[in-house]
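Numbers 160 to 750, taken from our numbering, label the letters of the sequence shown in order.
Report on one structure; see the data block that follows.
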Amino acid sequence: MTGAAARGMDRPRGRSTIQICLGLTSLIWLVFGQTLRHQFVAYDDQNYVYENPVVVAGFTANGLRAAFTEPHARNWHPLTTLSHMLDTELYGMHPAGHHFTSVLLHNGAALLLFLVLRQMTARTWPSAFVAALFAIHPLRVESVAWIAERKDVLSALLFMLTLAAYTRYVARPGAWRYVAVVAAFALGLMAKPMLVTLPLLLLLLDYWPLRRLEKSEASDPSPPSAAKLFLEKIPLLLLSVAAGVVTLVVQKSTVGYGETAPLMSRVGKAATACVTYIWQMFWPAKLTVFYPQPAAGWPLAEILLCFALLAAVTAVALRFRKSRPYLVVGWGWYLIALSPTLGLIPVGLQAHADRYTYLPQIGLYIALTWLAVDLAGRRPATKRIWAFAAPAAIAILTFLAWAQTRSWRTTETLWENALAVTSTNEVAHYNLALLALDRGQIDNAIAHFQGAIVGAGDQEMPSHLSAALLHNALGIALDRKGQRQEAIAHYRRAAELRDDFADAHTNLARALLALGATDEAIVHFRKAKDLPPEDAKSHLRLAVALARSGQTAEANREYQRALELTPDSDLFRKLKKDIEAEQQQREASPR
């Protein structure tokens, strides 16, 4: 072993190692064991698990093929898909089992972090403290308590296994040991492509604590050069490039905001996100599943201040890179590991989320912990303060994480918490409105849809929720309450904001037809029919409206086209009967 590890510092007894591992496990299950009583949440859990036909079917030949050849919830992570399928085989659709697997994976990642860090640094208690921070910091709650974020905990376990394999390879280089590193990394990328930065993190670890650039006390007096260490990572870097390309291709449909936002705007948002995560690390209050972006963007003064803070920390880390190398390594780890989520490369819709800190903040934990240990030195008074402060910090964070985990009990508690800790949150209002609509609580749904529109603004801007979608949803709720004129106003607004919004044109046309405005209804039915994807229902609805207005020939042509799209004549007759009955019910309902 090279570096500090070779010096044999602070080697623990086997009993101490076991005690630390049991302590970490106890903390994790104290905080996250409560998730075994939680439900699925109707925010991506349905896409990943309980409404995903591939996962619901469990292990099947078709499912195994689809896991590797098709996107899953706009992502390519076959191992994560397989883990969900395995849970279905073991537990069915009981959420307790799915939560159990997520907590177990997180537990394994935390234990491996302790063991690997201790092996690299030969320091037991600092390694244990870093692992404890990783295990139970409130920012970890989203990754562990959210079943849809299985990719986080699974990839973290494989990330730690890659570090373990790399540490063994460095201690005793060999072809098969290097193959083990590549294999573990490849599996990690198949769990979550965010691990693409891992080869660069290994270069940082080469600098410290592995100290591969320094002369060793072992028999080999000539350490490898920086160029050689970089070339050593080429196979891993090629895997990263391949994973990055696949991710960009698969997530192309979600790149809308990034493509329209100017580069400098994205850079400014990235800087504020970096500083926000650091603030949340020290002050983990008002955490939630979705943080709305400021409607007018971030103030220039705030962006400049964030850049100044980041530059200052970077300067300090570089200044002490020789005397305190853990500072530059930990800070570099944080920035590099966080970079795929910052929105510089336009993938995904949300740049600020607790889950994005899952692996990156390990770097900050390492830097600050080793700095505290160094500053304490051999002074008894300082050591006593550290001995008190470290357990106190873990106790406080454990309580905060336990409380934060409670907000993930149900879909309703999740979004109620979001509204409680943010001033305006269109996504929380929208999801609570859908929940109320599903329960038949129409007035509650209308109030939340209206709140969502206020939060999102009435312009069709590239955001998580478009104004057109919200106006259309509010129209549906008003329509169900019988307030048809008000519903029509919102359908119109949705269609004005997005002329290619087929549902808005269809809903507007149906409401107009029920009020007897047949000619205008036909105009919007035609627009909806011409928008992709072409479907039989659009043609049938237009045919019903045309028949009512006496345009028999065109109505027959639309009926014929609907029949071509629905070759099953029985199904065609059922669709036609359902649409006609739906229209009669609308005409009979209050206006």
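In this text, a Cβ means the ideal position worked out from N, Cα and C, and glycines have one as well.
Is Arg652 near His683, with beta carbons less than 7 Å apart?
no
How do the region 264–281 and the region 200–213 stand: do at least 3 beta-carbon pairs fall below 8 Å, yes or no?
no
With three or more beta-carbon pairs closer than 8 Å as the criterion, would you say the region 213–229 touches the region 238–246?
yes
If you draw a straight line from the alpha carbon of Ala401 to that of Leu316, how long is it in whole angstroms?
21 Å
Below 8 Å, can you find three or more Cβ-Cβ pairs linking the region 560–579 to the region 189–204?
yes
CB Ala627 to CB Arg669, shorter than 7 Å?
no
Sort out for me which residues DSSP pairs His231 with in a bridge.
Asn234
C-beta atoms of Val592 and Phe608 nearer than 7 Å:
Looking at the sequence provided, one finds Ala at residue 592 rather than Val. Cβ atoms of Ala592 and Phe608: closer than 7 Å.
Among Arg370, Cys180 and Phe318, which one has its Cα closest to the Cα of Ala290?
Cys180
In angstroms with no decimal places, state the Cα-to-Cα distance between Leu363 and Ala330.
16 Å
So for Gly709, helix, strand or coil by DSSP?
coil
Judging by CA-CA distance, which residue of Ala476, Glu301 and Ile437 is the nearest neighbour of Gly491?
Ala476
State the DSSP-derived secondary structure class of Lys392, mapped to helix, strand or coil.
coil
Can you tell me whether His511 is helix, strand or coil according to DSSP?
coil
Determine the closest residue to Ile738 out of Ala201, Gln719, Pro358 and Leu701, with distance taken between C-alpha atoms.
Leu701
For Ala721 versus His698, is the C-beta spacing smaller than 7 Å?
yes
Return helix, strand or coil for Ala676, following the three-state DSSP convention.
coil
Buried/exposed call for Pro539, threshold 16 Cβ in 10 Å:
exposed
Taking DSSP as the reference, what is the three-state secondary structure of Trp335?
helix
From the DSSP output, in three-state form, read off Asp694 for me.
coil
Specify the secondary structure class of Thr447 as computed by DSSP and reduced to three states.
coil
Can you name the start and end residues of the alpha helix (DSSP H) that Ala319 belongs to?
Going by the sequence as given, residue 319 is Met instead of Ala. Residues Arg309 to Ala330.
DSSP state of His197 mapped onto helix, strand, coil:
coil
On the premise that Pro382 lies in contact with Leu372, defined as a C-beta separation below 8 Å, what is that separation, rounded to the nearest angstrom?
6 Å
Looking at Trp529: is its Cβ nearer than 7 Å to the Cβ of Tyr493?
no
Assuming Val312 contacts Leu264 under a Cβ cut-off of 8 Å, what Cβ separation, rounded to an integer in Å, is found between them?
4 Å
Can you find the residues in the same chain that come closer than 6 Å, C-beta to C-beta, to Ala324, ignoring five residues on each side of it along the sequence?
Ala339, Val340 and Ala343
Reference Thr435; option with closest CA among Arg425, Thr516 and Ala470
Thr516
Proximity of Pro550 and Pro443 at Cβ, strictly below 7 Å:
no
If you draw a straight line from the alpha carbon of Gly507 to that of Ser314, how long is it in whole angstroms?
Below a pLDDT of 50, predicted positions are generally treated as unreliable, and Gly507, at 45, falls in that range; the measurement from the model is reported next regardless. Their Cα atoms are separated by approximately 18 Å.
Quick check for students: name the residue ranges of the alpha helix (DSSP H) that lie wholly in the region 481–551, counting only runs of 4 or more.
484–497 and 520–535
Please return the same chain residues whose Cβ sits closer than 7 Å to the Cβ of Asn576, not counting the five positions on each side in sequence.
Thr447 and Ser566
Is DSSP giving Pro561 helix, strand or coil here?
Here residue 561 is Trp; the residue named in the question, Pro, does not match the sequence. If DSSP states are grouped into helix, strand and coil, Trp561 belongs with the helices.
Rank Thr239, Met353, Thr283 and Pro453 by C-alpha distance to the C-alpha of Ala307 and give the top, closest one.
Thr239
Using C-beta distances below 6 Å, list every residue in its chain close to Arg483, excluding the 5 sequence neighbours before and after it, in chain order.
none
Once you ignore the five residues that flank Ile601 on each side, which residues in its own chain have a CB closer than 7 Å to its CB?
Ala636, Arg639 and Lys640
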